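Peer 1: Below: one structure in structure tokens.
If you want it as structure tokens, here you go:
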């Protein structure tokens with residue numbers, strides 16, 4: 001089964017200089033996987049219009065069916081994602097009437113006037129749909145180009161989550177309904193280097209993805225957390241894949257003296 005492919009574009013100097021951990025990427029990747037997408041690529045770019053436009057064009061030209069960006073939707077000089085998306089799409093960068101109503105209402109509630117910088121948050125690529133932001137001010141942007149649905153989100157995690165969940169039904173509707181199963185196993189006493197061939201064999205035998213996360217000391221006191229995941233159009237199949245792979249891993253690691261914790 002071929003899943004629709006998603007790309008995630010993270011925008012912000014603070015992500016590349018190490019000042020901020022990109023928690024948005026982790027959250028979105030898990031959401032999209034559960035919603036039926038294969039997250040093919042994640043790109044992080046600086047607050048530079050050429051770089052941002054390049055990332056969007058690359059995702060579009062690579063055939064992505066869903067492109068989500070985070071960051072760069074505010075009123076300051078370095079918030080330029082919307083403008084750069086317009087450039088990437090070759091569309092006019094215009095005032096979106098629905099976005100303007102949203103932004104004007106937000107500031108009117110605080111008895112604040114509209115300014116040129118605040119008006120900036122109402123500007124979008126021509127043909128876009130504005131998505132209400134219940135947590136902050138800047139609306140999200142939803143626009144289609146070729147086969148891709150493009151969703152532009154703020155970088156503030158609470159705002160990003162709020163807007164994403166408002167359009168999640170649309171995102172789900174463009175992907176097959178998948179059932180997702182994931183189970184962790186803790187193994188003590190088996191080095192990751194010994195577990196690796198067992199994990200590789202399990203992935204060949206069963207329709208699962210397996211990732212090991214070592215802690216402790218590789219030789220003296222090895223501890224592994226092994227995560228087994230599977231997704232399928234059939235719920236029983238997804239769960240069955242995980243159970244079968246776990247049993248295989250369990251038996252093989254026990255043979256090597258591993259102490260297993262479910």
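In the working numbering, the protein residues as written are 1 to 262. All C-beta atoms in this analysis are idealised placements derived from N, C-alpha and C, irrespective of residue type, glycine included. Owing to the predicted nature of the structure, the values given are computational and were not obtained by experimental measurement.
(1) If residue 238 and residue 179 are in contact, beta carbons under 8 Å, what's the gap, nearest whole angstrom?
(2) On the criterion of 16 or more Cβ atoms from any shown chain inside 10 Å, does residue 145 qualify as buried, or is it exposed?
(3) Grouping DSSP H, G and I as helix and E and B as strand, with all else coil, what is residue 259?
(4) Please state whether the Cβ-Cβ distance between residue 39 and residue 29 is less than 7 Å.
(5) Does residue 211 come out as helix, strand or coil in the three-state DSSP assignment?
(6) Does DSSP classify residue 300 as helix, strand or coil?
(7) For residue 174, which residues of its own chain have a beta-carbon under 8 Å away from its beta-carbon, when the five flanking residues on both sides are left out?
(8) Nearest CA to the CA of residue 9: which residue from 143, 155, 97?
(9) Rounded to whole angstroms, how far is the Cβ of residue 279 from the Cβ of residue 2, which I believe are closer than 8 Å?
(10) Whole angstroms are fine: how far does the CA of residue 115 sit from the CA of residue 176?
(11) Return helix, strand or coil for residue 76, following the three-state DSSP convention.
(12) At least one CB of chain D closer than 7 Å to the CB of residue 244: is that the case?
(13) Using DSSP bridges, identify the partner residues of residue 179.
(14) Between residue 188 and the rest of its own chain, which residues show a CB-CB distance below 6 Å, the 5 nearest in sequence each way excluded?
(15) To the nearest angstrom, how far is it from the Cα of residue 197 to the Cα of residue 41?
(16) Which residue marks the beginning of the beta strand (DSSP E) containing residue 8, and which one marks its end?
(17) Compare the C-alpha of residue 184 against each of 166, 210, 170 and name the closest.
(18) On a CA-only basis, which of 157, 162, 118, 6 is nearest residue 74? Give me that one, please.
(19) Classify residue 114 as helix, strand or coil using the three-state DSSP reduction.
(20) Assign residue 134 to one of three DSSP states: helix, strand, or coil.
(21) Within this structure, are the beta carbons of residue 265 and residue 125 separated by less than 7 Å?
(22) Name, in chain order, the residues that DSSP records as bridge partners for residue 103.
(23) I'd like the span of the alpha helix (DSSP H) that includes residue 95, first residue to last.
(24) Taking the alpha-carbon of residue 200 as reference, which of 249, 172, 159 has the nearest alpha-carbon?
(25) Nearest-angstrom Cα distance between residue 134 and residue 190?
(26) Enumerate in chain order the residues of its own chain whose CB-to-CB distance from residue 233 is below 8 Å, with the five nearest sequence positions on each side excluded.
(27) Could you check the C-alpha separation between residue 7 and residue 37 for me, to the nearest Å?
Peer 2: Short version:
(1) Taking the first residue of the chain shown as position 1, residue 238 is located at position 238. Taking the first residue of the chain shown as position 1, residue 179 is located at position 179. The pair is a contact, with the Cβ atoms about 4 Å apart (cut-off 8 Å).
(2) Counted from its first residue, the chain shown places residue 145 at position 145. Buried, because 16 or more other Cβ atoms sit within 10 Å of the Cβ of residue 145.
(3) What you label residue 259 is simply residue 259 of the chain shown in a count that begins at 1. Three-state result, residue 259: strand.
(4) Position 39 of the chain shown, counted from the first residue, corresponds to residue 39. Position 29 of the chain shown, counted from the first residue, corresponds to residue 29. Yes. Within cutoff.
(5) For the purposes of this step, residue 211 is taken as the residue at position 211 of the chain shown. Residue state, collapsed to three classes: strand.
(6) Since the first and last residues shown for the chain are 1 and 262, residue 300 lies out of range.
(7) In the chain shown, residue 174 corresponds to position 174, counting from 1. So the list reads 4, 65, 66, 149, once near-sequence residues are dropped.
(8) Residue mapping note: residue 9 aligns to position 9 of the chain shown, counting from 1. Taking only the C-alpha atoms, the option nearest residue 9 is 155.
(9) Within the shown structure, residues of the chain are numbered from 1 to 262, placing residue 279 beyond reach of any answer.
(10) As a first step, residue 176 must be located in the chain shown, where it is residue number 176. As a first step, residue 115 must be located in the chain shown, where it is residue number 115. One C-alpha to the other measures close to 44 Å.
(11) By one-based count along the chain shown, residue 76 stands at place 76. The answer is coil: DSSP assigns residue 76 none of H, G, I, E or B.
(12) Absent from the structure: chain D. Only one protein chain is present.
(13) Numbered from its first residue, the chain shown carries residue 179 at position 179. Note: residue 179 sits in a beta bridge opposite 232.
(14) As a first step, residue 188 is located in the chain shown; it is residue number 188 there, counting from the start. So the list reads 223, 259, once near-sequence residues are dropped.
(15) The residue you call residue 197 lines up with position 197 of the chain shown. The residue you call residue 41 lines up with position 41 of the chain shown. Distance between the alpha carbons of residue 197 and residue 41: 26 Å.
(16) Position 8 of the chain shown holds residue 8. Its beta strand (DSSP E) spans residues 5-11.
(17) Counting from one through the chain shown, the residue named residue 184 turns up at place 184. The residue with the shortest Cα to Cα distance from residue 184 is 210.
(18) On the chain shown, position 74 is the one that residue 74 refers to. Nearest option by C-alpha distance: 118.
(19) Counting from 1 along the chain shown, the entry for residue 114 is found at position 114. In the structure shown, residue 114 sits in coil (DSSP, three-state: anything other than H, G, I, E or B).
(20) Translated into the one-based positions of the chain shown, residue 134 becomes position 134. Looking at residue 134 - three-state DSSP - the assignment turns out to be coil, as it is neither helix nor strand.
(21) This structure cannot settle anything about residue 265, because the visible part of the chain is limited to 1 through 262.
(22) In the chain shown, residue 103 corresponds to position 103, counting from 1. Residue 103 is not bridged to any residue.
(23) As a working mapping, residue 95 is identified with position 95 in the chain shown. Run containing residue 95: none in the alpha helix (DSSP H); it sits in the beta strand (DSSP E), 93-95.
(24) Indexing the chain shown from 1 puts residue 200 at position 200. The shortest Cα separation from residue 200 among 249, 172, 159 belongs to 249.
(25) Working through the chain shown from its first residue, we reach residue 134 at position 134. Working through the chain shown from its first residue, we reach residue 190 at position 190. One C-alpha to the other measures close to 49 Å.
(26) Position 233 of the chain shown, counting from 1, holds the residue named residue 233. Same-chain partners within the cutoff: 1, 176, 177, 178, 179.
(27) Position 7 of the chain shown, counted from the first residue, corresponds to residue 7. Position 37 of the chain shown, counted from the first residue, corresponds to residue 37. Whole-angstrom Cα-Cα distance: 10 Å.
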